[in-house]
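*Asks:* Residues in the sequence shown are numbered from 196 upward in steps of one, following this note's numbering.
We put the CB at the ideal spot given by N, CA and C, even for glycine.
Next up is a structure, given as structure tokens.
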Amino acid sequence: ELVNLKKRYKNSPVEAVRGVSFEVRAGEIFGLLGPNGAGKTTIIASITTLEKPTSGAVKVFGVDVAEDPLFTKRNVGVVHQEVINSGFFSVEEILHFVSGYYGINKNQERIRFLLHKLSLFQHKDKKVKQLSGGMKRRLMIAKALVHNPKVLLLDEPTAGVDIQLREDLWRFVQELRQEGMSILLTTHYLEEPEHLCDRVGIM
Ligand code: ADP
Numbered sequence: 196e197l198v199n200l201k202k203r204y205k206n207s208p209v210e211a212v213r214g215v216s217f218e219v220r221a222g223e224i225f226g227l228l229g230p231n232g233a234g235k236t237t238i239i240a241s242i243t244t245l246e247k248p249t250s251g252a253v254k255v256f257g258v259d260v261a262e263d264p265l266f267t268k269r270n271v272g273v274v275h276q277e278v279i280n281s282g283f284f285s286v287e288e289i290l291h292f293v294s295g296y297y298g299i300n301k302n303q304e305r306i307r308f309l310l311h312k313l314s315l316f317q318h319k320d321k322k323v324k325q326l327s328g329g330m331k332r333r334l335m336i337a338k339a340l341v342h343n344p345k346v347l348l349l350d351e352p353t354a355g356v357d358i359q360l361r362e363d364l365w366r367f368v369q370e371l372r373q374e375g376m377s378i379l380l381t382t383h384y385l386e387e388p389e390h391l392c393d394r395v396g397i398m
């Protein structure tokens, strides 16, 4: 839930987010639609505690993210726009590492499940640089889901991906919704919310 969230970056004359309020309900896909520069990424960064709001609040299951950032991180998964290249490690190793960041030591079952689900299993021993753009994107999604979060944030998940992968991702996101996950998705593509979202906020 966002309550009148405002954000002005240090040394910037622009108010990046000007008093935004909305809530994402359990088991829904909420689309945040707006052009480049509207403030969508800033909102995602505020939810994940990477950025501190200038005023207003963000709550995850009623808990203010600033007051209990660990609670937020345990419950939220996020897929950022940029592909982060961990050139040294294989796909499967990366997923074990990320699990470790969440304090999960033995996560083999969940990791195998995600590798299969995201069609990454046959690529599990590859290094990131050996992956195609689409596989990298799938890896980003797997990373966001290793700790089984209840909220998933997707920042322009289908920017620059081909039609096949886009439809695969849409199907997967719909499956996650069916399992009761709350999904916030930012996009500037009009057809994405039309196909996917239960409700839309326009910025
Ligand atoms: P969107 O994700 O919708 O494209 P952003 O949240 O990235 O929008 O950007 C919103 C506004 O905030 C833009 O005017 C952008 O230039 C500005 N902005 C984003 N990040 C920073 C930053 N770190 N410092 C200063 N200004 C920023």
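With a cut-off of 5 Å, give the chain-ordered residues whose Cβ is closer than this to any heavy atom of the ligand ADP.
*Replies:* Y204, S207, V209, A211, N231, G232, A233, G234, K235, T236, T237
*Asks:* Looking at the unbroken beta strand (DSSP E) that takes in K201, where does it start and where does it end?
*Replies:* Counting along the chain, the beta strand (DSSP E) containing K201 begins and ends at 197-203.
*Asks:* Report all residues from its chain with a CB closer than 7 Å to the CB of V293; omit the five preceding and five following residues, and keep chain order.
*Replies:* K338, V341
*Asks:* Going by alpha carbons, who is nearest to E351 out of K235, E246, R307?
*Replies:* K235
*Asks:* Could you please give me the residues that DSSP links to K254 through a beta bridge?
*Replies:* In the DSSP output, where bridge partners are listed per residue, K254 has D259.
*Asks:* Does DSSP put A354 in a helix, a strand or coil?
*Replies:* If DSSP states are grouped into helix, strand and coil, A354 belongs with coil.
*Asks:* For I299, which three-state DSSP category applies?
*Replies:* In this structure, I299 counts as coil in the three-state DSSP scheme.
*Asks:* Of all the options L385, Y297, F308, K322, which has the alpha carbon lying nearest to the alpha carbon of F367?
*Replies:* F308
*Asks:* Would you report the Cα separation of S250 and L200, rounded to the nearest angstrom?
*Replies:* 6 Å
*Asks:* My assumption, with CB atoms under 8 Å, is that A261 sits in contact with T244. Please give the rounded CB distance.
*Replies:* 7 Å
*Asks:* Buried or exposed, going by whether 16 or more other CB atoms sit within 10 Å of the CB of I239?
*Replies:* buried
*Asks:* Where E370 and N206 are concerned, what is the direct C-alpha to C-alpha distance, given to the nearest angstrom?
*Replies:* 42 Å
*Asks:* State whether the segment 263-282 contacts the segment 207-221, with contact taken as three or more CB pairs (one from each stretch) at a distance under 8 Å.
*Replies:* The segment 263-282 makes no contact with the segment 207-221: fewer than 3 CB pairs, one atom from each, lie closer than 8 Å.
*Asks:* Answer with buried or exposed for S327, where buried requires no fewer than 16 other C-beta atoms within 10 angstroms of its C-beta.
*Replies:* exposed
*Asks:* Going by C-alpha to C-alpha distance, which of E196, Y204, G226 sits closest to P429?
*Replies:* Since the first residue of the chain shown is 196 and the last is 398, residue 429 is not available in this structure.
*Asks:* Could you pull out every residue in the same chain whose Cβ sits closer than 6 Å to the Cβ of I306, ignoring the five residues on either side in sequence?
*Replies:* L290
*Asks:* Note down, one range per segment and in chain order, each alpha helix (DSSP H) of at least 4 residues found wholly within the segment 355-393.
*Replies:* 358-373, 386-391
*Asks:* Pick helix, strand or coil for V273, following the three-state DSSP scheme.
*Replies:* In the structure shown, V273 falls within a strand segment according to DSSP collapsed to helix, strand and coil.
*Asks:* Shortest alpha-carbon distance to R203 belongs to which of G229, S241, G355?
*Replies:* S241
*Asks:* According to DSSP, is E223 helix, strand or coil?
*Replies:* coil
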